[in-house]
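Novice: Sending over a structure as structure tokens; questions will come in a sec.
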Amino acid sequence: MPRRPHLRLAGLALPLTLLAAGCGGPVRVDVPELSDADRAACDAFAADLPDTLYDEERVDVEPADAPAAAYGDPAIVVRCGVAKPEGFDLTASCESANGVGYYIPDEQYDDQDLDLTLTAAGYRPRVEVTIPARYRPNAGPAAMAVLAPLVTKHLTLVDDCS
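Under the numbering used here, the first residue of the sequence shown carries the number 186, and numbering increases by one thereafter.
See the structure below:
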């Protein structure tokens, strides 16, 4: 697999957005099974998430105690404690923002019509951001930059994905 050039976004403090369900109700999110330590880290991460992301207001998630947040309609969704993304391995390249590497599946990298999934795959527990295509191309870099300080504050770096 060819390596992509890296995108460096140092010092950006842009708002970000995620994937929401619409229909006016809470955004349903999957809640992974987590160890007590991972659950504590994810809960602290989720508690620090901003009220807006990419100028989209935070909306309710279901279940309400999920280590997650959603913004806008369609919702941008941030989830903590996700599994290793398909296609991610030690040879995968990542985009970096404020010192945190985010894995983007190859098929989503250049196709702006696809929803975008960013994963801070080198951290435990992992954080995933799902961004509907309508917010591309700017919401991805904005979300990476806004979330990076929270990732480094609450999660543990185990593999440098950069």
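Note that beta-carbon positions come from the ideal geometry of N, C-alpha and C, so glycine has one too.
To the nearest angstrom, report how far apart P334 and G209 are at their CA atoms.
Specialist: Taking the straight line from one Cα to the other gives about 30 Å.
Novice: For the beta strand (DSSP E) containing T304, list its first residue and its last residue.
Specialist: Segment L301 to T304, the beta strand (DSSP E) holding T304.
Novice: Does the distance from the CB of R311 to the CB of T302 come in under 8 Å?
Specialist: Their beta carbons are not under 8 Å apart, which means R311 does not touch T302 by this criterion.
Novice: Are C265 and C227 touching if we call contact CB-CB under 8 Å?
Specialist: Cβ distance < 8 Å, so C265 and C227 count as in contact.
Novice: Taking the CB atoms as reference points, tell me whether V285 and T337 lie closer together than 8 Å.
Specialist: Taking 8 Å as the Cβ cut-off, V285 and T337 qualify as a contacting pair.
Novice: Which residues share a DSSP beta bridge with A254?
Specialist: DSSP lists V263 as partners of A254.
Novice: Tell me where the beta strand (DSSP E) around E241 begins and ends.
Specialist: Per DSSP, E241 belongs to the beta strand (DSSP E) from E241 to V244.
Novice: In whole angstroms, what separates the C-alpha of D345 from that of S220?
Specialist: Approximately 22 Å between the Cα atoms of the pair.
Novice: Got a sec? Which residues, its chain only, sit under 8 Å from D236 by beta carbon, not counting five neighbours each side?
Specialist: Excluding positions up to five away in sequence, the list reads E242 and R243.
Novice: By how many angstroms is the C-alpha of T315 removed from the C-alpha of A306?
Specialist: The alpha-carbon atoms of A306 and T315 are separated by roughly 14 Å.
Novice: Identify the continuous alpha helix (DSSP H) that holds V331 and give its terminal residues.
Specialist: It spans A324 to H339 - the alpha helix (DSSP H) in which V331 sits, taken as one unbroken run.
Novice: Quick one: what's L342 bridged to in DSSP?
Specialist: Beta-bridge pairing links L342 to Y308.
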